[in-house]
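Take 21 as the starting number for the sequence shown in this note's numbering and just add one per residue.
Where a beta carbon is used, it is the ideal one built from N, C-alpha and C, also for glycine.
Heads up: the structure comes next, in structure tokens.
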Amino acid sequence: MIFLIDIYLVVCGLIDRRKKKRLLFNVKDSSLFDKGDICLYQEVARMPPFARKCLILVGAHGVGRRTLKSRLIALDPDRFGTTKPHTSRSLRIEEANAYFHMDRNEMETDIEKGGFLEHGLYGEHLYGTKFESVRRVIQSSKMCVLDIEPTALKLICNKEFMPYVVFIKAPNLDYLRHMQHNDKQRMSKMRTKSSMGNNSLLNLSAKDLEQVVLESDALEHDYHTYFDLTLVADDIEKTFEQLVRAVEALSAEPQWVNVQWFS
């Protein structure tokens with residue numbers, strides 16, 4: 021299937037308002053849009069303030085996406101919600117409400133039919149997030165907050181879900197090392213091993229820290245065309261405050277969005 025799309029060239033985050041280019045885009049070549057060096061957007065327009073249906077947090081593993089998601093939902097559970105994942109694994113007593121449990125064959129069939137936003141195999145079991153779960157949160161009049169893998173962005177950045185995508189960027193390596201050193205000293209004084217266990221940064225080796233930065237840089241390079249906002253995760257409190265302000269601004273300030281969302 022081939023689509024004719026209108027696009028603007030975007031260089032360093034700036035929209036080039038010169039004459040639009042029209043390109044033929046074949047669905048089978050969609051991977052080129054994931055990894056291409058040329059930054060392309062579909063036609064965008066400045067729209068009046070409106071609340072987005074989803075808030076998407078993307079970033080390297082270990083930058084604090086889940087912490088930010090949990091804190092935002094706890095801040096206002098009547099306004100923000102999230103999905104419960106599905107799994108083919110059997111139910112465990114201690115996690116009665118943690119997952120929706122499905123038959124393995126049924127889950128594989130739903131995956132083949134495109135019913136999952138994202139899915140993966142962990143051990144011998146499938147895990148994933150269904151589009152229907154996202155819809156249920158939206159239908160409950162809540163903003164659906166998700167921390168998904170960036171490969172799923174092209175599936176959710178559309179008229180139905182209207183997401184606001186925030187990239188949680190890792191700070192530079194020297195700053196990460198400084199943060200880890202300070203956290204270790206603070207936790208050592210507190211002498212609370214359980215608290216240390218809940219801090220993903222504390223548990224990372226020097227090589228792991230380097231990997232966080234490399235992964236963050238790669239994600240920014242490959243997927244920056246999807247990002248509405250970039251926040252540097254150099255201080256979780258500051259980053260959370262910036263995130264809250266950005267979400268509040270959606271209902272108060274004009275936004276640049278894909279014109280197809282309102283066609």
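Can you tell me whether DSSP reads Lys258 as helix, strand or coil? Residue state, collapsed to three classes: helix.
Which whole runs of the alpha helix (DSSP H) in the region 93 to 137 are 4 residues long or more, in chain order? Entirely contained in the region 93 to 137, the alpha helix (DSSP H) runs reaching 4 residues are, in chain order, 124 to 132.
Beta-carbon gap between Lys189 and Ala269 smaller than 9 Å: Between Lys189 and Ala269, the C-beta spacing is not below 9 Å.
For the alpha helix (DSSP H) holding Ile158, just list the boundary residues, first then last. Phe151 to Gln159 is the extent of the alpha helix (DSSP H) around Ile158.
Collapsed DSSP secondary structure at Met67 in the structure displayed: Strand, per DSSP.
Go ahead and pull the three-state DSSP assignment for Phe247. In the three-state reduction of the DSSP assignment, Phe247 falls in the coil class, being assigned neither a helical nor a strand state.
Proximity of Ile158 and Lys73 at Cβ, strictly below 9 Å: Cβ atoms of Ile158 and Lys73: closer than 9 Å.
Would you give the residue range spanned by the alpha helix (DSSP H) that Leu175 belongs to? Per DSSP, Leu175 belongs to the alpha helix (DSSP H) from Leu173 to Ile176.
For Met67, which option in Trp281, Ser283, Trp276 and His106 has the closest C-alpha, if you only look at C-alpha atoms? Selected option, being the one with the closest Cα: Trp276.
If Phe187 and Glu240 are in contact, beta carbons under 8 Å, what's the gap, nearest whole angstrom? Yes, they are in contact, since the Cβ atoms of Phe187 and Glu240 sit about 6 Å apart, within 8 Å.
Just verifying my parser: in three-state terms, what is the DSSP assignment at Lys73? It is coil, neither helix nor strand.
Pro274 (DSSP reduced to helix, strand or coil): In this structure, Pro274 counts as coil in the three-state DSSP scheme.
Helix, strand or coil at Met163 according to DSSP, with G and I counted as helix: Three-state DSSP puts Met163 in a strand.
Taking just the CA atoms, how far does Leu166 sit from Thr129? Straight-line Cα distance between these residues: approximately 24 Å.
Just tell me which of Val267, Phe151, Gln280 and Thr107 has its CA closest to the CA of Asp248. Per the Cα distances, Val267.
Pull up the distance between the alpha-carbon of Glu138 and that of Ala172, whole angstroms please. So the two alpha carbons sit approximately 6 Å from each other.
Residue of Gln280, Glu230 and Gln262 minimising C-alpha distance to Ala80: Among Gln280, Glu230 and Gln262, the Cα nearest to that of Ala80 belongs to Glu230.
Using 8 Å for Cβ pairs, my map puts Phe100 next to Lys150. What's the rounded Cβ distance? 19 Å between Cβ atoms; not a contact.
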